[in-house]
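First comes the structure, then the notes that go with it.
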Amino acid sequence: MKINRRKFLSGAAALTAGVLAGPTFSASQTIKFGSLLDTSGIFDGYGKPMDKVARMAIEQINATGGLLNKQIEYVGYDTQSNMALYSQFARKLARTDKVDVVHGGILSASREAVRQTFRKSQIPYFYNVLYEGGVCDRNIFINGITPAQQVQTLIPAAVKKWGKKIYVLAADYNYGHITANWIKKYAKEIGAEVSNIEFFPLDVADFGSTIAKIQTEKPDFIVSVLVGGAHISFYRQWAASGMNKKIPMASTTLGAGNEQNILTSEETDGILVAYNYSHELDNDLNRKLLADYSAKYGDVDDLHLLALSHYEGILTWAAAVRIAGSVEGDKVSAVMETGLSIDTPSGKMTVDPQTHHSILNVYLSEFKDKKMQVLETFLQQPPLDTQMVCNLKTNPDDNQQYVIKI
Amino acid sequence: MIFGMMKIINFAHGEFMMLGGYTTIVCVKAGANIYLAMLVIAPLIVGMIGLLLERLVIRHLYGRLVDTMLATWGISMILIGIVTMIFGNTTESISTPIKGWAIGDYQVNGYNFFIILVAIGLVCSGYFLLKFTRLGLIVRGAMQDPNVAASLGYNPDRIYMTTFFMGAALSGLAGGILAPLVGLVPSWGTAYIAKAFITVVVGGPAIIVGLVSSATLFGSVNQIFAFIFNPVFGEVALLLCAVILLRILPKGITNSIFKGKL
Amino acid sequence: MNEIVLETHNLNMHFGGVKAVNNVDFTLRENELRCLIGPNGAGKSTFFKCLTGLNKPTSGEIYIRGEETTHWHTHQISRLGIGIKTQVPNVMDGLSVWENIWLSARRYHDVKQANRRVEEVIERIKIGDITKKLLGELAHGQRQRVELAIVLAADPWLVILDEPAAGMTGQDVEIMVDIIREINRSAAMIIVEHDMQFIQSIANQVTVFYQGSILMEDHVDNVLADQKVRDVYLGRNV
Amino acid sequence: MMLDSNYKNLIIGVFLAIVCMLVLPYFIEYYTLSLLIIYSILALSLGLVWGFGGILCFGQAAFFGLGAYSYAVFAINIGESTLPFLLAIIVPATFAFILGAIMFYGRLTDVYLGVITLVVTLILFRFINSTASPEYMIGTAHLGGFNGIPNFQTLNIPGMPDAYIWDLDFYYVCFVILILSYLGLHFLVRSSFGRVSIGIGQNEQRAELIGYDVRKYKTILFAVGGGLAGLAGALYASWAEIVTPGLFSLGQSAEVIIWCIVGGVTRLSGPIFGAVILGLLKYYLGQQTLIDNNLVFGVILVIFVLFLPQGLAPAISSVWKKLLTAKKSTRNKLRKRAPRQMQRGHLNE
């Protein structure tokens with residue numbers, strides 16, 4: 002929402018500059034960094050900051066001498082929130098541009114649309130987004146937080162705070178269903194009860210009947226696993242009916258795209274969340290990131306969790322390349338699989354060799370005045386869900402996304 | 029309304045709503061009073077935009093039903109494109125001006141009552157306008173047979189313009205009123221338009237009675253199924269209901285049941 | 412007497428409260444040429460639509476060669492061997508004259524025979540000069556003629572025409588009269604018509620419609636001499 | 269003898285198409301070309317029902333999506349691509365047949381037809397979108413809701429599940445299928461069935477008065493269009509290696525209609541031109557961020573409806589004719605007149 006015209010134009014100028022700068026390096030002297038992100042279309046709210054932060058990361062690396070004494074060339078395409086364009090541009094990156102690595106993809110569908118292409122061409126693919134878990138493929142690295150990592154901290158804390166009767170509202174797609182299942186599992190483990198789970202298609206914007214239903218059920222708290230622009234209406238309608246004063250809420254999604262900036266503080270105050278990042282984290286790397294981003298793009302309002310993960314994914318890859326001394330897929334993979342661990346703005350981040358997912362710090366936070374105030378830190382949480390089904394050490398040729406049965 | 033009167037299917041109607049919503053939000057953020065913004069400014073501005081589009085595009089296409097459908101579809105895409113370029117795809121919204129209150133154990137969304145009141149007011153005044161005023165008579169006459177109205181000395185062109193302006197303004201109003209309840213994105217209109225469109229087409233040519241009967245029918249079908257199952261079933265039930273109705277009553281509800289009504 | 416080929420019993424067609432066709436009993440015999448006349452709104456066009464399946468009658472029955480066709484679709488009625496022409500020229504404007512006629516002939520013949528049939532009809536209706544023209548390019552009178560050619564191409568034994576002379580100039584009307592006589596040599600005909608002069612030049616038997624019912628049925632000369640009919644046409648109530 | 273020049277045109281056309289097929293990959297990446305060809309087949313399917321049958325279907329994407337999903341589901345269950353490929357044509361064709369029968373036997377016309385096809389597309393879109401929960405399984409294939417179905421067997425040489433047809437080979441296969449589809453339709457619209465359909469598109473009542481069962485013809489034509497869209501869908505699924513509910517979206521339907529309008533539906537080549545030109549445009553627009561895509565396509569749509577309702581094909585083909593110096597035949601004239609023009613009543617050129 003805060004994208005004004007000036008910044009918009011400067012973004013475009015940066016793109017043009019990037020294109021123009023390209024040919025000045027000869028092919029062998031640059032490392033080609035491929036990027037596929039939705040910087041237009043309905044998901045550009047997620048994609049634009051990711052693109053911005055990625056460009057910044059590459060600039061920073063280049064400014065300090067690049068990788069392996071080579072400059073990095075950013076080859077990015079706007080996939081326009083369109084799955085066909087993902088397939089198409091993925092092939093362009095792999096076959097025509099012959100990039101050395103690809104970072105990108107936002108929705109799970111977009112990841113699945115391009116994953117096989119990069120696997121076939123053996124180009125390492127980094128998917129740096131919070132998602133539903135279960136992908137098992139040696140060619141992909143994922144550092145986004147998965148449902149188990151969030152839910153195992155969030156639900157016990159919420160139950161302890163508010164009570165045992167839970168009402169879940171979830172987006173009707175894989176992420177929503179899987180997260181809802183994890184909520185059920187963890188609730189059961191601590192003796193709480195999920196009284197109802199309701200699923201909403203992503204374009205539902207009218208929650209009137211649901212709010213009525215919640216009032217009939219009288220849960221101790223509700224958990225929102227709602228996703229996307231239309232679902233934001235829920236928080237608004239919830240507050241408009243005055244329910245936010247009566248029944249507290251936890252969420253696994255609110256704030257991942259900085260949704261709190263669209264809502265008022267009154268509508269979001271007191272909502273409990275658990276992520277691997279918050280702007281409020283007090284460490285040097287985070288302060289530096291926020292300052293750099295702010296210096297480059299004016300403010301940090303749009304720097305959300307996904308963008309942060311994307312930034313950290315790029316740092317992880319760069320670290321692996323430095324150690325491997327090569328950008329070749331096999332060598333980078335080998336380094337990553339040693340359990341590579343780096344310090345990032347969100348704290349220590351470790352590659353899980355078994356799943357190619359990440360072991361992360363999870364911060365239980367509460368919204369206050371549109372900020373995520375950290376209440377408690379859970380260090381180095383493993384991706385338990387994916388670990389249940391995926392072991393690339395024993396089965397390196399695995400190539401699928403598991404639906405985890407709980 | 030535009031469909032009933034002018035035999036035009038306006039695919040851009042949802043986008044007029046979306047524009048109304050954005051107008052309201054921009055005005056409120058600029059410091060205007062929210063009621064002024066959504067009840068006066070939004071309809072006026074959207075009405076003007078509608079008028080402009082009518083002059084530029086639609087008036088060349090009267091009587092070419094399919095072409096108007098296509099052209100308005102194009103307009104809808106243009107409006108979405110322009111709004112996206114100005115505001116981006118990120119959700120815009122403002123907060124609701126009326127607080128909820130409790131009835132017994134239940135919290136009620138006060139703003140919903142406001143919407144219901146406005147809707148009732150609109151339907152009543154629309155009915156009154158069409159049925160009892162001279163303007164209404166002229167408009168109805170012109171829609172029946174433009175030549176007759178023309179021979180009576182009224183310029184059908186002007187009448188079309190007026191109607192289109194009013195239709196657009198009404199959608200602007202609707203968008204303005206809904207703005208505080210939902211998160212607004214440029215493609216917001218498309219979600220509503222299918223519903224509104226079906227409601228109107230199924231309702232048939234008698235504007236007010238048709239609209240109210242089909243809207244009531246679909247509204248209740250949607251809510252009942254949404255309450256019992258979930259919103260997907262609500263929507264699917266609504267759509268199926270529309271298909272079945274069109275199959276049984278191919279001329280719309282009013283043509284088959286409320287014959288000769290307004 | 413010739414065999415009865417078409418009859419209606421108590422045929423009714425009501426629109427709301429308006430009885431457009433009211434208890435009509437009508438019979439037509441083989442090779443007969445019958446005109447239906449009556450003032451505007453007398454119900455003759457509605458009757459035409461009922462016969463041809465374009466409207467579904469409210470009640471009553473229609474029999475064509477003994478078969479009940481009351482609720483049949485137009486194409487089914489047409490397939491009995493009945494040629495139908497509506498009031499407004501009902502042709503395929505984007506196709507050529509030849510193609511228009513071909514489509515009709517092809518319905519009953521294979522491709523080769525259809526081609527031959529088209530040539531025959533073109534010969535018969537004397538439109539050889541315009542076969543390659545598109546219907547949309549033709550004048551009104553020509554379009555009417557082509558439509559008759561379309562009707563003829565199917566070799567009908569019964570032809571039902573709704574105001575074939577409407578909107579035609581004097582010369583066109585003469586041609587039309589010739590064509591109708593030509594058709595009548597091989598088929599029975601029902602012609603809904605308004606224009607008295609035209610009727611006089613073609614018909615013997617005439618049925619007069621008034622307010623949805625049959626007012627009288629007689630030879631054209633007697634009908635024209637009848638005072639009631641004259642009143643009806645001048646707009647007086649009977 | 270009129271047909272002779274027609275056959276000559278056709279043979280030259282096919283020859284040129286084959287030349288294009290061999291030359292184009294040197295100018296445009298073949299994976300992009302494959303997609304353009306798939307879009308062309310989809311556009312062709314709408315061109316058939318719209319331009320020749322006079323049926324404006326706002327839901328051609330529904331059959332496209334249905335084809336893609338059928339392919340994906342059967343490919344997962346069967347594992348070899350030949351049968352799924354055929355089923356991906358049969359399922360949408362059957363669906364179109366049933367839907368068409370309901371609509372045409374119910375005597376719905378123009379606007380209502382548009383509404384029903386639109387609504388059916390929406391229902392499918394909603395339904396597929398809401399199948400995320402694990403109980404939505406068809407055999408071993410999970411419908412996957414919003415995320416779609418990834419990881420299915422892509423096109424292989426019939427009988428050899430491990431011999432994938434992909435990359436350049438896939439492009440050639442698509443191109444050949446396009447040429448075959450075009451030829452198939454070319455002969456279909458010239459057959460008795462096709463001519464009657466055109467007649468019906470021109471004037472339904474006249475066709476009925478002659479004695480044709482209009483409902484039957486329209487239903488069959490609609491089913492053929494559905495099957496062809498399904499074929500495009502199956503190829504798409506194989507190309508993208510994932511199917512998502514977006515295939516059913518109104519946006520996808522809108523795109524097909526815009527291709528047809530830009531190309532012109534008055535002849536079969538029109539939709540192909542439209543799909544290729546706009547497909548390329550969309551692809552290149554994806555490499556810039558200044559102008560929103562919707563805006564561009566909306567403007568194109570409005571301009572064509574207002575000023576160029578016949579689309580580009582008539583213009584292109586008149587140039588083509590000059591090049592060939594072939595005589596105008598009645599038969600070609602016939603293709604030029606579309607129902608769309610008729611509704612407007614500009615009968616005289």
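So the protein lines, in turn, are chains G, U, Y and A.
Under the working numbering, read the first sequence as residues 2 to 407, first letter to last.
Under the working numbering, read the second sequence as residues 29 to 290, first letter to last.
Under the working numbering, read the third sequence as residues 412 to 649, first letter to last.
Under the working numbering, read the fourth sequence as residues 269 to 617, first letter to last.
Idealized CB from N, CA, C, for every residue including glycine.
Quick one, which of the options has its alpha-carbon nearest residue i's?
i	options	result
Arg237 of chain G	G:Asp221, G:Glu260, G:Lys219	G:Glu260
Gln520 of chain A	A:Cys288, A:Leu314, A:Glu297, A:Met289	A:Leu314
Glu74 of chain G	G:Ala240, G:Asn83, G:Gly35	G:Gly35
Gln72 of chain G	G:Gln151, G:His358, G:Val130, G:Ala58	G:Ala58
Leu98 of chain U	A:Trp527, A:Tyr552, A:Leu591, A:Asn561	A:Trp527
Gly78 of chain U	U:Phe193, U:Leu107, U:Val151, U:Asn61	U:Phe193
Val333 of chain G	G:Ile223, G:Ile167, G:Val352	G:Val352
Examine chain U for any beta-carbon lying closer than 9 Å to the beta-carbon of residue i, and answer yes or no.
i	result
Ser225 of chain G	no
Leu355 of chain A	no
Ser196 of chain G	no
Val444 of chain A	no
Quick one: is residue i near chain A, going by C-beta distance under 9 Å?
i	result
His41 of chain U	no
Asn511 of chain Y	yes
Ile495 of chain Y	yes
Phe235 of chain G	no
Leu79 of chain U	no
Glu74 of chain G	no
Thr481 of chain Y	no
Please state the DSSP three-state secondary structure of residue i.
i	result
Thr618 of chain Y	strand
Leu361 of chain G	strand
Ile601 of chain Y	strand
His614 of chain A	Only weak support exists for where His614 of chain A lies, its pLDDT of 30 falling under 50; the value from the coordinates is given anyway. His614 of chain A falls in the coil class under three-state DSSP.
Met503 of chain Y	coil
Ala550 of chain Y	coil
Phe31 of chain U	No answer about Phe31 of chain U holds up, because its pLDDT of 48 lies below 50 and its placement is not dependable.
Ser624 of chain Y	strand
Phe414 of chain G	Lying outside 2 to 407, the shown extent of chain G, residue 414 of chain G is not represented and no answer is given.
Tyr278 of chain G	coil
Pro575 of chain Y	coil
Cys137 of chain G	strand
Measure the C-alpha to C-alpha separation of residue i and residue j and round it to an integer number of angstroms.
i	j	result
Arg92 of chain U	Gln578 of chain A	14 Å
Asp207 of chain G	Ala181 of chain G	21 Å
His425 of chain Y	Gly42 of chain G	56 Å
Lys53 of chain G	Val130 of chain G	15 Å
Ile384 of chain Y	Leu444 of chain Y	There is no way to answer for residue 384 of chain Y, as the model of chain Y reaches only from 412 to 649.
Leu84 of chain U	Asp386 of chain G	58 Å
Say whether chain G places a C-beta atom closer than 9 Å to the C-beta of residue i.
i	result
Leu145 of chain U	no
Ser199 of chain U	no
Tell me, please, whether the CB atom of residue i is closer than 9 Å to any CB atom in chain Y?
i	result
Tyr480 of chain A	yes
Is there a Cβ from chain C that is less than 9 Å from the Cβ of residue i?
i	result
Asn345 of chain A	The displayed structure is made up of protein chains G, U, Y and A, and chain C is not among them.
Contact residues within the stretch 509-531 of chain A, judged by C-beta distance below 9 Å to chain U: Leu518, Gly519, Ala522, Ile525, Ile526, Ile529
Short-range partners of chain U found in the stretch 43-60 of chain G, where Cβ spacing is below 7 Å: Ile43, Asp45, Gly46
Short-range partners of chain A found in the stretch 95-118 of chain U, where Cβ spacing is below 8 Å: Asp95, Met97, Leu98, Ala99, Trp101, Gly102, Ile103, Ser104, Met105, Ile106, Leu107, Ile108, Gly109, Ile110, Thr112, Met113
Contact set between the stretch 630-645 of chain Y and chain A, restricted to residues whose Cβ is under 9 Å from the partner: none
Under 9 Å (Cβ pairs) to chain U, residues found in the stretch 567-580 of chain A: Val567, Ile568, Leu569, Val570, Ile571, Phe572, Val573, Leu574, Pro577
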